[in-house]
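Going down the list, the sequences are from chains V and Y.
Counting in UniProt numbering, the first sequence runs from 1 upward without gaps.
Counting in UniProt numbering, the second sequence runs from 1 upward without gaps.
Glycine is no exception: its CB is placed at the ideal position from the N, C-alpha and C atoms.
There are 2 protein chains.
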Amino acid sequence: MTDSSLRPRRRSRTAAASTAAGATEPAVLPGKATINDIARLTGVSKKTVSRVINDSPLVHPETREKILALMKQLGYTPDPQARGLAFRRSFLIGMVYDNPTAQYIVNMQYGALDALRDSGYELVVHPCDSTREDYIEAVRRFALQQKLHGVILIPRVSEDEQLAAALREIGVRYVRIASIPLDAASNMVVTHDRQAGTEAANYLESLGHRTVGLITGPRRYRSTIERGGGFVEGLAERGIELAPDYVYEGGYTFDSGVAGAEYLLAKSPRPTAIFACNDEMAAGVYKAAMRRGLSIPGDLSVVGYDDSPLASQLWPALTTIHLPIRDLGRRAAQMLLADERAPDEEGASASRNVTPHLVVRDSSQRPRT
Amino acid sequence: MTDSSLRPRRRSRTAAASTAAGATEPAVLPGKATINDIARLTGVSKKTVSRVINDSPLVHPETREKILALMKQLGYTPDPQARGLAFRRSFLIGMVYDNPTAQYIVNMQYGALDALRDSGYELVVHPCDSTREDYIEAVRRFALQQKLHGVILIPRVSEDEQLAAALREIGVRYVRIASIPLDAASNMVVTHDRQAGTEAANYLESLGHRTVGLITGPRRYRSTIERGGGFVEGLAERGIELAPDYVYEGGYTFDSGVAGAEYLLAKSPRPTAIFACNDEMAAGVYKAAMRRGLSIPGDLSVVGYDDSPLASQLWPALTTIHLPIRDLGRRAAQMLLADERAPDEEGASASRNVTPHLVVRDSSQRPRT
DNA sequence: CTGAAAGCGCTTACAG
DNA sequence: CTGAAAGCGCTTACAG
């Protein structure tokens with residue numbers, strides 16, 4: 001009978017154990033037992049089983065053990081839909097993003113999933129087009145209809161105050177990943193991009209570069225303000241004025257990197273180094289340099305930002321700022337889960353801040369004299 | 001009152017319309033009305049409302065119109081959790097994959113989401129590690145616990161018969177994306193990779209290449225068998241024997257592309273063209289060629305596979321096989337949805353087959369004589 | 001520490 | 001074409 005009771009429950013509300021037929025019939029689906037089965041077989045009320053499911057301390061240890069043992073035996077897992085209906089929320093985490101690079105999205109997803117593994121929560125992806133007038137309304141409906149437990153907002157939608165406000169209004173928890181604290185600390189994972197931009201500037205200045213170019217993302221992006229701003233500041237602190245016409249506003253795309261480099265490399269004097277605000281654009285700089293017959297790093301030093309796989313694939317390998325994207329995703333998801341597990345576990349708070357750092361590879365060296 | 005009845009319902013089970021206070025209170029959440037509210041306000045039973053929700057023809061047109069109008073007015077959407085609980089399944093589609101490139105994953109997701117938009121279904125991502133002994137069990141638990149409406153299986157997990165069997169066993173619908181029909185047509189989106197491999201061979205032969213190299217994916221991957229096999233066949237048909245030592249087994253990664261090219265370019269005679277079974281590896285070939293001072297396409301022609309963004313970013317732009325990944329994702333999701341909408345809509349069947357085709361860019365030309 | 005009743009927002013079977 | 005009853009698998013109040 002031990003054997004047969006290991007078999008999953010059928011729908012039957014009466015028979016407790018499998019019938020003799022269980023041995024001859026093909027194996028039935030596990031994971032189909034319900035709270036009622038558990039209650040009946042252990043001789044307690046479903047409310048007590050519910051208490052065990054929800055880790056209530058108000059259950060006699062022996063009773064708890066007995067219930068847990070049976071759950072394990074039957075492969076029982078509470079139905080998230082039923083729980084959700086009763087709780088008036090779901091066990092889904094939404095990930096909302098506009099149009100970052102594929103690597104960025106995928107790593108962020110992996111990170112979030114790292115944190116959600118075995119938590120009973122699942123990740124629902126929700127790309128959107130923030131240039132559409134109704135995109136906030138769409139996210140709002142999504143969150144509302146799915147009764148999301150929480151939402152992870154990725155740049156650049158994470159920078160949209162109206163989106164955050166809409167989520168607050170409907171009472172949906174969110175975590176914003178951004179380069180400055182735009183919100184309460186408990187809603188933020190902050191990447192100190194400004195500091196990293198300054199580090200890039202210090203590095204290039206220390207190599208001896210005096211004429212440098214900068215390719216930014218769209219000006220309205222916070223990351224552009226921080227990365228680019230930090231870079232300009234860093235140069236200024238060391239006495240180098242970055243002329244406005246040595247700054248090119250790109251779009252974080254490969255093609256805009258090409259265009260930016262074409263522009264900058266045509267200037268006189270020609271910059272001996274270019275800082276691109278992400279690796280995609282840095283890859284574009286490589287292409288433009290090759291076209292012009294300029295060697296990297298001989299004729300031109302290049303520094304990127306992100307340290308995506310692309311960076312080490314380029315030839316020569318790209319010097320870049322390492323941004324731990326997967327970590328960011330993991331932390332954001334952890335914060336969303338932490339709420340209920342340990343409401344005031346402030347220990348994790350310190351780890352909510354991330355400072356990217358420079359990784360020196362082969363695309364940078366002293367300028368030719 | 002028109003104005004106030006546009007306001008969303010509160011939880012109240014009694015008050016039909018908003019109270020006078022509605023005008024002064026801050027706007028309440030929309031999308032919170034329930035089937036009971038709709039039924040009460042239109043004076044029908046909830047069952048009739050349910051019929052409208054489920055597009056049953058057994059509703060008087062006038063009644064239906066009245067109900068639909070009120071739904072729209074209140075911004076009512078049926079609660080997927082409640083529906084799911086009653087239906088014994090969810091409105092979630094799972095996407096299961098092992099470890100494709102980021103571009104591949106993201107495009108597939110976009111494609112699936114194209115099809116799911118406004119369908120009431122959401123996409124839950126489930127990457128997994130198919131080298132783990134228990135990965136099938138994990139996918140099975142995922143599908144079972146979430147009561148998934150369906151699962152999209154991406155190469156290489158799509159090629160795993162045991163996974164498919166496990167899903168059939170628990171009665172979860174799935175669509176497999178693969179390069180040959182491994183399953184019933186209704187469960188497959190087939191990409192005819194063999195044909196495309198042959199096209200690459202024909203192209204290179206027609207340019208005049210006689211000594212060519214091949215970098216494949218892992219041998220146990222179906223895509224490798226098809227792409228590589230089609231290539232070898234194509235050459236053979238034109239009288240070119242591809243010696244086994246001119247075939248390198250890569251891993252669909254950039255680094256394995258570098259290694260493969262290092263190996264092939266060291267051979268004597270040196271191949272004048274290399275076909276890499278994906279763009280990532282083709283990019284690796286570029287790097288190896290550059291290191292050796294070989295120019296593309298002058299000294300070496302390169303053909304890739306996928307036509308990912310990378311292909312047009314490389315310099316020179318990569319000649320490659322265009323695989324419409326986003327389309328594949330869209331079709332797979334459509335098939336999952338079609339089941340219930342039009343059970344025997346076989347019209348879409350024809351479009352389940354995709355034949356990738358060659359896109360000639362700048363990385364290939366006649367060999368030097 | 002435990003449980004009976006009512007409810008979450010839907011649907012299925014059944015009756016008309 | 002329409003509806004009253006029971007149920008999906010859980011939880012929240014409430015009572016003890």
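Buried or exposed (CB count within 10 angstroms, at least 16 for buried), residue i
{"i": "K287 of chain Y", "result": "buried"}
{"i": "V360 of chain Y", "result": "exposed"}
{"i": "K267 of chain V", "result": "exposed"}
{"i": "D160 of chain Y", "result": "buried"}
{"i": "G120 of chain Y", "result": "exposed"}
{"i": "S186 of chain V", "result": "exposed"}
{"i": "Q162 of chain Y", "result": "exposed"}
{"i": "E199 of chain Y", "result": "buried"}
{"i": "S364 of chain Y", "result": "buried"}
{"i": "G217 of chain Y", "result": "buried"}
{"i": "R156 of chain Y", "result": "buried"}
{"i": "S45 of chain Y", "result": "exposed"}
Rounded separation between residue i and residue j - CA only
{"i": "L235 of chain Y", "j": "G197 of chain Y", "result": "10 Å"}
{"i": "N107 of chain V", "j": "T101 of chain V", "result": "10 Å"}
{"i": "Q109 of chain Y", "j": "I240 of chain V", "result": "45 Å"}
{"i": "D193 of chain V", "j": "V52 of chain V", "result": "45 Å"}
{"i": "T63 of chain V", "j": "P57 of chain V", "result": "12 Å"}
{"i": "Y248 of chain Y", "j": "L214 of chain Y", "result": "6 Å"}
{"i": "F275 of chain V", "j": "D307 of chain Y", "result": "28 Å"}
{"i": "R270 of chain V", "j": "L310 of chain Y", "result": "28 Å"}
{"i": "L204 of chain Y", "j": "A273 of chain Y", "result": "7 Å"}
{"i": "F91 of chain Y", "j": "N54 of chain Y", "result": "14 Å"}
{"i": "L328 of chain V", "j": "L207 of chain Y", "result": "49 Å"}
{"i": "S82 of chain Y", "j": "L148 of chain V", "result": "The question names Ser, yet the displayed sequence has Ala at residue 82 of chain Y. Taking the straight line from one Cα to the other gives about 14 Å."}
{"i": "E262 of chain V", "j": "P367 of chain V", "result": "19 Å"}
{"i": "V354 of chain Y", "j": "S223 of chain Y", "result": "14 Å"}
{"i": "Y135 of chain Y", "j": "I105 of chain Y", "result": "19 Å"}
{"i": "A27 of chain V", "j": "E169 of chain Y", "result": "Legend: pLDDT at A27 of chain V = 34, less than 50; position of this residue unreliable, value from coordinates given subsequently. Rounded to the nearest angstrom, the two C-alpha atoms are 9 Å apart."}
{"i": "G230 of chain Y", "j": "Q195 of chain Y", "result": "6 Å"}
{"i": "E65 of chain Y", "j": "E133 of chain V", "result": "29 Å"}
{"i": "A115 of chain Y", "j": "F87 of chain Y", "result": "22 Å"}
{"i": "E233 of chain Y", "j": "L242 of chain Y", "result": "9 Å"}
{"i": "V59 of chain Y", "j": "L70 of chain Y", "result": "16 Å"}
{"i": "I35 of chain Y", "j": "R141 of chain V", "result": "17 Å"}
Three-state secondary structure (DSSP) of residue i
{"i": "F87 of chain V", "result": "helix"}
{"i": "R176 of chain V", "result": "strand"}
{"i": "E133 of chain Y", "result": "coil"}
{"i": "N54 of chain V", "result": "coil"}
{"i": "L294 of chain V", "result": "coil"}
{"i": "V28 of chain V", "result": "Because V28 of chain V carries a pLDDT of 40, less than 50, the predicted location of this residue cannot be relied on, and no value is offered for it."}
{"i": "T369 of chain Y", "result": "coil"}
{"i": "Y97 of chain V", "result": "strand"}
{"i": "S301 of chain V", "result": "strand"}
{"i": "G171 of chain V", "result": "coil"}
{"i": "P127 of chain V", "result": "strand"}
{"i": "G213 of chain Y", "result": "strand"}
{"i": "I152 of chain Y", "result": "strand"}
{"i": "T355 of chain V", "result": "coil"}
{"i": "L323 of chain V", "result": "coil"}
{"i": "T191 of chain Y", "result": "strand"}
{"i": "L144 of chain Y", "result": "helix"}
Nearest-angstrom beta carbon gap, residue j and residue i [assumed within contact, 8 Å]
{"i": "H357 of chain Y", "j": "I325 of chain Y", "result": "Contact flag wrong, Cβ pair sits at about 14 Å."}
{"i": "Y252 of chain Y", "j": "V212 of chain Y", "result": "That belief does not hold up - the Cβ atoms of Y252 of chain Y and V212 of chain Y are roughly 20 Å apart, past 8 Å."}
{"i": "A165 of chain Y", "j": "G94 of chain Y", "result": "Actually they are not in contact, since the Cβ atoms of A165 of chain Y and G94 of chain Y sit about 17 Å apart, beyond 8 Å."}
{"i": "R254 of chain Y", "j": "G228 of chain Y", "result": "The question names Arg, yet the displayed sequence has Phe at residue 254 of chain Y. Not really, about 18 Å apart at Cβ, beyond 8 Å."}
{"i": "V125 of chain Y", "j": "L123 of chain V", "result": "6 Å"}
{"i": "D118 of chain V", "j": "D98 of chain V", "result": "Not a contact, Cβ separation roughly 30 Å."}
For the 8 Å Cβ check, are there 3 or more pairs between the region 312–323 of chain Y and the region 289–304 of chain Y? yes
Is it the case that the region 167–185 of chain Y contacts the region 324–336 of chain Y, given that we only count it when at least three CB pairs across the two stretches are under 8 Å? yes
Taking contact to mean 3 or more Cβ pairs, one atom from each stretch, closer than 8 Å, check whether the region 165–174 of chain V and the region 144–156 of chain V are in contact. yes
Please confirm if the region 68–85 of chain V is in contact with the region 287–298 of chain V, defined as three or more CB-CB distances below 8 Å between the two stretches. no
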